[in-house]
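Chains A and B, in that order, are what the protein sequence lines are.
Quick note on numbering: our numbering labels position 206 of the first sequence as 206, and the sequence is numbered without any gaps.
Quick note on numbering: our numbering labels position 216 of the second sequence as 670, and the sequence is numbered without any gaps.
Number of protein chains: 2
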Amino acid sequence: MAADPVKFTLSEDQIPTHWVNLLPDLPGDPVPPLNPRTMSPAGPDDLTPIFPMSLIGQEVSADLEVEIPEPVREAYKLWRPTPLYRARRLERELDTPARIYYKYEGVSPAGSHKPNSAVAQAYANREAGIERLATETGAGQWGSALALACSLFGLDCLVYMVGASYDQKPYRRAMMESWGATVIRSPSDTTESGRAQAAHPTGSLGIAISEAVEVAAGDAGTNYALGSVLNHVCLHQTVIGQEALAQMELAGDEPDVVVGCVGGGSNFAGMSFPYIRRVLRGDAKTRFVAAEPAACPTLTRGAYRYDFGDTVGLTPLMPMFTLGHDFVPPPVHAGGLRYHGDSPIVSGLVKHGLVEARAYRQNETFGAAVEFARSEAILPAPEPAHAIRAVMDEAEEAKQAGEERVILFNLCGHGHFDMSAFDAYLAGKLEDPEFSEADMEDALERLPEAPAIA
Amino acid sequence: MAADPVKFTLSEDQIPTHWVNLLPDLPGDPVPPLNPRTMSPAGPDDLTPIFPMSLIGQEVSADLEVEIPEPVREAYKLWRPTPLYRARRLERELDTPARIYYKYEGVSPAGSHKPNSAVAQAYANREAGIERLATETGAGQWGSALALACSLFGLDCLVYMVGASYDQKPYRRAMMESWGATVIRSPSDTTESGRAQAAHPTGSLGIAISEAVEVAAGDAGTNYALGSVLNHVCLHQTVIGQEALAQMELAGDEPDVVVGCVGGGSNFAGMSFPYIRRVLRGDAKTRFVAAEPAACPTLTRGAYRYDFGDTVGLTPLMPMFTLGHDFVPPPVHAGGLRYHGDSPIVSGLVKHGLVEARAYRQNETFGAAVEFARSEAILPAPEPAHAIRAVMDEAEEAKQAGEERVILFNLCGHGHFDMSAFDAYLAGKLEDPEFSEADMEDALERLPEAPAIA
C-alpha cells in the first residue's frame with residue numbers, strides 16, 4: 001500500500017482556460033431575477049450602478065464556457081492548481097470499501113476557495129475603470145479574499161464587517177488590513193442603512209450587505225462585490241471542478257457521488273457544476289449531495305420563492321430557497337453557511353431533483369472534522385466539516401452495502417481561524433442550536449410580494 | 455510577461471528518497487557535544503534515555519545521505535512536494551533586476567516546515583516501541599507539528615507549552631488538542647524542573663524543555679522530541695533544499711545567494727545544506743545569508759562556546775553560538791527565533807565563514823512582511839519575515855549595482871496565527887525591543903565550565 005499515490009497534482013499550465021457556465025444547461029424555463037418595483041425581469045440597468053458590464057454579461061451569459069482573462073489566470077498561479085488527495089488514511093480509519101477523494105482549496109493565501117472569484121471580480125472592475133470595491137464579510141473569509149484580490153489588482157477595498165465578528169475576530173480584521181483594505185464595523189454611521197439599524201449593534205450579514213451596496217450605488221468610482229449566490233460567482237469557482245476532473249482522471253477513478261457544503265452555494269457550484277454538466281448530457285450518472293447546517297437549513301426547510309438577497313431590500317428579487325431575508329440564523333461557527341438564501345442555480349438544481357440536500361447539527365460536524373484531522377492531518381474549517389459529515393455517512397452506507405463507492409468532495413478551507421470553536425467542541429461546550437420553525441414562519445410572512453416560481 | 459511561469463511544482467514521486475547529511479562535509483575537526491559531568495564526548499549512552507537508537511544514529515552519522523523510511527515519505531505526501539515560486543510581482547514592486555525565488559512550506563497542515571522532522575521523529579520512535587513523545591512549545595509551531603505527527607503514527611503526545619503562550623494563544627493549544635495531544639502549561643507541578651521554577655509563572659522555552667526532558671528521562675515508554683538545533687532535525691529538513699534544487703532546475707536558474715531565517719537552525723539548514731554541499735565540493739559559488747532577530751542575535755553577537763540546550767542544564771553541552779542558556783530574549787513575535795543557542799552545524803558554518811549572519815529589528819521585518827503580502831499574496835509568519843527583509847536588501851544591492859542576481863529563500867510558514875502582531879504593526883504599536891548586552895554578559899558568566907572550541 002505504501003506506493004499507492006495519495007496526492008494528484010497538476011502543473012501551472014493545466015489551470016483551466018475557461019469557466020463552466022451551467023446556466024444554459026438548466027432544465028425548465030429560465031427564472032430571471034425581478035426588479036422589486038416593476039416585477040419585470042431585472043435587466044443590466046438594474047445592475048450597472050454596482051457591477052461592471054463584463055460581470056453582468058457573465059451573470060446572464062448563454063455561453064457554455066466563458067474564457068478566463070489571462071491576468072486572472074496569472075493571479076490563480078499564486079496558489080492554483082490546488083492538490084487533490086485520496087483519503088487513504090481516512091478510508092482505513094472508517095474501515096470502508098469506499099474510495100474517498102478530496103480537493104483542497106485551503107492552500108490559497110486566504111485559506112479558502114473564495115479568492116477564485118475575488119481575483120476575477122477585482123480584475124473585471126479594474127478593467128472597467130473602477131477604483132474601489134465595497135463588500136461585506138461575516139467570519140472574514142470573503143472579506144480577506146477580496147482584500148487580497150484588490151491588493152493584487154491595485155484597487156482600494158472597503159469591507160463592512162459584521163459587528164459581532166469585528167469584536168470577536170480582530171485577527172481577521174488585521175488580515176484584511178495587512179492586504180491594505182479599510183474595515184468598518186457594521187452597522188456603522190457611514191451609511192443610511194447602517195444608521196437605520198443602530199438598534200442592532202451586533203449587526204448581521206444582511207445589514208452589512210445593505211451598507212456595502214448603498215456605498216457602491218452612491219459612488220461612481222465604487223462597485224460592489226459579492227462572495228457567493230450570484231451566477232457569476234458560481235461561474236468563477238468552476239476552476240475547482242475542472243481541475244478535479246483532470247485529477248480524478250490521473251487517479252483513474254470516477255466519482256459515484258460528489259459532496260459539498262452549501263451556504264450561498266459558490267463552493268458547491270465550484271466543484272459540482274462541471275460534473276453536473278456531464279450528467280445533464282448523459283455522460284455520467286453521478287449523484288450530488290449538498291450539506292448545510294441544521295441551524296440554517298435553507299435547502300431542506302426553506303421556501304422556493306422570490307426574495308431579497310439582503311436584509312434591507314436593496315437587491316433584485318432572486319428565485320431561490322429562502323428562510324426569509326430578515327431571518328437571522330443561530331450563531332453556529334460555520335459563518336460561511338449562515339445565509340438565509342441560496343444560489344438561484346443551486347436552488348433550481350435541488351428543486352429539479354438533481355441535487356440532494358441534507359442538514360447536519362453543529363456537534364456532529366465538528367466530530368467529523370476532528371476525526372478527519374486525526375487521519376488526514378488537515379484541520380478543516382467548520383463549513384467543509386458539513387461535507388465531511390455527509391462523506392462519512394456515504395462511506396458507512398457503502399460499508400453496510402458492501403459496495404465500492406467513489407466519493408469526491410471539496411475541502412474548501414482550513415480551520416486555522418476557527419480553533420476557538422474546536423476548543424469549545426473538545427471541551428464539550430459547543431452549542432448545538434436548533435432551527436426555529438416559528439422564527440422562519442415569521443420571516444416568511446415578511447417575504448416581498450412576488451409571482452410564484454413556475 | 456503574462457505567460458512566464460511563477461510556480462514550479464513537482465509530482466509526488468519527486469519527493470526526495472534521502473536526506474542530506476552535511477556533518478561529514480564540515481571543514482575542520484569534528485566538535486562533538488560533551489557530557490557535562492565527564493567533559494568527554496557525549497556518546498549514545500548519554501542519549502538513549504530520551505532518543506531512539508535510529509535517531510541517535512542519524513545524529514552522529516558519517517554517511518553522506520540517509521535513506522528516508524517509506525512510511526515517512528508516505529506522510530510527506532500529505533503536503534509535499536511544496537511549491538516553489540518566482541516572486542515576479544515583488545520584483546516589479548522593488549523595481550530590481552534581481553530574480554527572486556521562494557519555496558513555500560506554509561502549505562503543510564500545521565502551516566510551517568516543522569512537520570518535516572516531526573513525522574520522521576514520530577515514525578522512528580514508534581518503530582522503537584515508544585508509546586509517547588514529550589516536547590516543549592513556545593508559540594506553538596513545533597508542538598502543533600509533533601501533535602500532528604503523533605496522530606499519524608498512533609503515538610500519544612505530551613506538550614509543555616510556555617505559560618505566557620498558553621494563556622495568550624488558546625487556539626494553538628486547541629490545534630494540538632484537535633490532533634489528540636495533551637497540553638500542559640509550563641512551569642507545571644508535574645515535574646521537579648517545573649516546581650523549581652514556580653517563581654517564574656510565565657515560563658520560558660528553556661524551562662519547558664527541561665520539563666519535557668525530565669518526563670522522557672524518567673519514563674521508559676516516553677521519549678523526547680526536539681524541533682530544531684540537533685543534527686538529525688536539520689537532516690530531516692533537507693527535503694526542502696533538495697526539492698528546491700529540482701525546482702530551480704525547472705526554472706532554469708541558479709541562485710547566487712540563499713537566504714533563511716535562523717532560530718535553532720532547522721529551517722535554515724533545510725534549505726541551505728543541499729546547496730552548501732555543492733559549494734564545499736566546488737560545484738557552485740553560492741553565498742548564504744542567515745537572518746536573525748536583533749533582539750536575540752545569537753549568531754551575530756553570541757559567543758562560540760559549549761553551552762546547555764535548556765535552562766536547567768539537563769542536556770549535553772553543545773558547541774554553538776550562544777547568548778547563555780538562561781538568557782531570556784525580549785518578547786518579539788517571531789517566537790521560533792527566540793532561542794539562546796543555535797544548531798552546532800549552522801554555528802560551525804558561520805564560524806568558518808561559509809554563512810554570513812545578519813540581525814534585523816522587529817518593525818523592519820514586519821514592514822517587509824506586509825510589502826511581501828501585498829505583492830505576492832501570502833502573509834508570512836514573523837520568522838520568515840526576517841528572511842524577506844534580508845532578501846529585499848539583496849534585491850536593492852543588485853539594483854544599485856545594476857546586476858542580475860538570483861535570490862532564493864524559504865518561506866517557512868504562513869502568518870495566519872500571528873495576525874495580532876500584524877495588527878499591532880499596522881497600528882504603529884509594535885515594540886522594537888533591543889538586545890541587552892549587559893543581560894547577555896550576565897548570562898555568559900553563568901556558562902558551564904567547558905573546554906574552548908578549537
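Using N, Cα and C, we set each Cβ at its ideal position, and we do this for glycine too.
These figures come from a predicted structure and were not determined experimentally.
**Request:** Tell me, to the nearest whole angstrom, how far the beta carbon of Gly140/A is from that of Ser165/A; I am working on the premise that it is less than 8 Å.
**Result:** Numbered from 1 along the first sequence, position 140 holds the residue referred to as residue 140/A. Numbered from 1 along the first sequence, position 165 holds the residue referred to as residue 165/A. That belief holds up - the Cβ atoms of Gly140/A and Ser165/A are roughly 6 Å apart, short of 8 Å.
**Item:** Length at least 4, wholly inside the stretch 8-49 of chain A: the alpha helix (DSSP H) runs in chain order
**Value:** 44-47
**Request:** Measure from the C-beta of Ala385/A to each C-beta in chain B and report whether the shortest distance is under 8 Å.
**Result:** One-based indexing of the first sequence puts residue 385/A at position 385. It does not: the Cβ of Ala385/A has no partner Cβ on chain B nearer than 8 Å.
**Request:** Return the first residue and the last residue of the beta strand (DSSP E) that Pro747/B is part of.
**Result:** In the second sequence, counting from the first residue as 1, residue 747/B sits at position 293. Per DSSP, Pro747/B belongs to the beta strand (DSSP E) from 741-747.
**Request:** Run the CB neighbour count on Ala456/B, radius 10 Å, all protein chains shown included, and call it buried at 16 or more, exposed below.
**Result:** The count along the second sequence starts at 1 and reaches residue 456/B at position 2. With a pLDDT of 44 at Ala456/B, under the threshold of 50, the modelled position of this residue cannot be trusted, and the question is left open.
**Request:** Alpha carbon to alpha carbon, how far is Lys399/A from Ala87/A? Give it in angstroms, no decimals.
**Result:** As a working mapping, residue 87/A is identified with position 87 in the first sequence. As a working mapping, residue 399/A is identified with position 399 in the first sequence. Going by the C-alpha atoms only, they are around 16 Å apart.
**Asked** Taking C-beta to C-beta, are Lys461/B and Tyr555/B nearer than 8 Å?
**Response** Taking the second sequence and counting its residues from 1, one reaches residue 461/B at position 7. Taking the second sequence and counting its residues from 1, one reaches residue 555/B at position 101. Not a contact, by the Cβ cut-off of 8 Å.
**Beta carbon proximity, Gly111/A to chain B, threshold 8 Å** = Within the first sequence, residue 111/A is the residue found at index 111, counting from 1. Cβ-Cβ to chain B under 8 Å: yes for Gly111/A.
**Asked** Taking just the CA atoms, how far does Gly252/A sit from Tyr104/A?
**Response** Within the first sequence, numbered from 1, the residue matching residue 104/A stands at position 104. Within the first sequence, numbered from 1, the residue matching residue 252/A stands at position 252. Going by the C-alpha atoms only, they are around 19 Å apart.
**Request:** Find out if the Cβ-Cβ distance for the pair Ala303/A, Thr286/A is shorter than 8 Å.
**Result:** Taking the first residue of the first sequence as position 1, residue 303/A is located at position 303. Taking the first residue of the first sequence as position 1, residue 286/A is located at position 286. Cβ distance not < 8 Å, so Ala303/A and Thr286/A don't count as in contact.
**Request:** Would you check if the distance between the CB atom of Arg126/A and the CB atom of Gly143/A is smaller than 8 Å?
**Result:** As a first step, residue 126/A is located in the first sequence; it is residue number 126 there, counting from the start. As a first step, residue 143/A is located in the first sequence; it is residue number 143 there, counting from the start. Taking 8 Å as the Cβ cut-off, Arg126/A and Gly143/A do not qualify as a contacting pair.
**Asked** Of the residues Ala357/A, Met271/A, Asp189/A, which one's Cα is nearest the Cα of Ala244/A?
**Response** The count along the first sequence starts at 1 and reaches residue 244/A at position 244. Per the Cα distances, Met271/A.
**Asked** Is the CB of Pro382/A under 8 Å away from at least one CB in chain B?
**Response** Here residue 382/A is taken as the residue at index 382 of the first sequence, counted from 1. So, not an interface residue.
**Request:** With DSSP collapsed to three states, give me the class of Met414/A.
**Result:** Counted from its first residue, the first sequence places residue 414/A at position 414. The sequence given here places His at residue 414/A; Met does not occur at that position. Here His414/A sits in strand by DSSP.
**Asked** DSSP state of Asp307/A, grouped into three classes?
**Response** As a working note, residue 307/A is residue 307 in the first sequence. If DSSP states are grouped into helix, strand and coil, Asp307/A belongs with the strands.
**Request:** Tell me where the beta strand (DSSP E) around Asp610/B begins and ends.
**Result:** As a first step, residue 610/B must be located in the second sequence, where it is residue number 156. It spans 610-616 - the beta strand (DSSP E) in which Asp610/B sits, taken as one unbroken run.
**Message:** Run through chain A and tell me which residues come within less than 8 Å of Asp877/B, C-beta to C-beta.
**Reply:** Working through the second sequence from its first residue, we reach residue 877/B at position 423. The answer, in chain order, is Pro170, Tyr171, Arg173, Ala174, Glu177.
**Prompt:** So, does the CB of Arg828/B fall closer than 8 Å to a CB anywhere in chain A?
**Reply:** Sequence index remark: in the second sequence, residue 828/B carries index 374 (1-based). Judged by the 8 Å Cβ criterion, Arg828/B is in contact with chain A.
**Message:** Just to make sure I have the definition right: I need the residues of chain B whose C-beta is within less than 9 Å of the C-beta of Ile378/A. Which are they?
**Reply:** In the first sequence, residue 378/A corresponds to position 378, counting from 1. Under the 9 Å cutoff, chain B gives Leu532, Trp533, Pro563.
**Prompt:** What is the DSSP secondary structure of Tyr625/B, reduced to helix, strand or coil?
**Reply:** Residue numbering aside, residue 625/B sits at position 171 when the second sequence is read from its first letter. If DSSP states are grouped into helix, strand and coil, Tyr625/B belongs with the helices.
**Prompt:** Looking at the structure shown, is Cys750/B part of a helix, part of a strand, or coil, going by DSSP?
**Reply:** As a working note, residue 750/B is residue 296 in the second sequence. DSSP places Cys750/B in coil when its eight states are reduced to three.
**Prompt:** Would Ser632/B pass as a contact of Leu146/A if the rule is Cβ separation under 8 Å?
**Reply:** Numbered from its first residue, the second sequence carries residue 632/B at position 178. Numbered from its first residue, the first sequence carries residue 146/A at position 146. Not in contact: Ser632/B and Leu146/A (Cβ atoms no closer than 8 Å).
**Message:** If we require 4 or more residues per run, which alpha helix (DSSP H) segments fall completely within the stretch 519-574 of chain B?
**Reply:** 524-530, 542-548
**Residue-level contact to chain B via CB, Pro16/A, 8 Å cutoff** = Counting from one through the first sequence, the residue named residue 16/A turns up at place 16. It does not; no Cβ of chain B falls within 8 Å.
**Message:** Applying the 10 Å Cβ sphere with the 16-neighbour rule, what's the burial state of Gln168/A?
**Reply:** For the purposes of this step, residue 168/A is taken as residue 168 along the first sequence, with counting starting at 1. Exposed.
**Item:** With 16 other Cβ atoms within 10 Å as the buried cut-off, status of Asn748/B
**Value:** Numbered from its first residue, the second sequence carries residue 748/B at position 294. According to the sequence shown, residue 748/B is Ala rather than Asn. So Ala748/B ends up on the buried side.
**Asked** To which residues does DSSP link Asn223/A through a beta bridge?
**Response** For the purposes of this step, residue 223/A is taken as the residue at position 223 of the first sequence. Beta-bridge pairing links Asn223/A to Leu133/A.
**Message:** Quick check on the DSSP output: the beta strand (DSSP E) that includes Leu833/B runs from which residue to which?
**Reply:** As a working mapping, residue 833/B is identified with position 379 in the second sequence. First-last for Leu833/B: undefined, no H or E at that position.
**Prompt:** What is the DSSP secondary structure of Ala738/B, reduced to helix, strand or coil?
**Reply:** Along the second sequence, read from residue 1 onward, the residue named residue 738/B stands at position 284. In this structure, Ala738/B counts as coil in the three-state DSSP scheme.
**Prompt:** In terms of DSSP beta bridges, what is Val713/B paired with?
**Reply:** As a position in the second sequence, residue 713/B is number 259, starting the count at 1. Looking at the DSSP assignment, Val713/B forms a beta bridge with Val743/B, Phe863/B.
**Message:** Quick check: is the beta carbon of Ala2/A nearer than 8 Å to any beta carbon in chain B?
**Reply:** The sequence position of residue 2/A within the first sequence is 2, counting from 1. Any reading at Ala2/A needs caution, since the residue's pLDDT is 44, under 50, leaving its predicted position unreliable; the model's value is listed next. It does; some Cβ of chain B falls within 8 Å.
**Prompt:** Counting only beta-carbon atoms, is Thr9/A nearer than 8 Å to chain B?
**Reply:** As a first step, residue 9/A must be located in the first sequence, where it is residue number 9. Closer than 8 Å: yes.
**Message:** Please identify the residue among Leu250/A, Ala42/A, Ala369/A whose C-alpha is closest to the C-alpha of Leu314/A.
**Reply:** Working through the first sequence from its first residue, we reach residue 314/A at position 314. It is Ala42/A whose Cα lies nearest to the Cα of Leu314/A.
**Asked** Within 8 Å (strictly less), CB to CB, does Gly634/B reach chain A?
**Response** Within the second sequence, the letter at position 180 stands for residue 634/B. By this cut-off, Gly634/B is an interface position.
**Message:** If contacts are defined as beta-carbon pairs under 8 Å, then Gly795/B and Met772/B qualify, I think. What distance do you get, rounded to the angstrom?
**Reply:** Stepping through the second sequence from its first residue, residue 795/B is reached at position 341. Stepping through the second sequence from its first residue, residue 772/B is reached at position 318. 6 Å between Cβ atoms; contact.
**Where Ala908/B sits in the DSSP three-state scheme** = Locating residue 908/B in the second sequence gives position 454, where the first residue counts as 1. Note: Ala908/B maps to coil in three-state DSSP.
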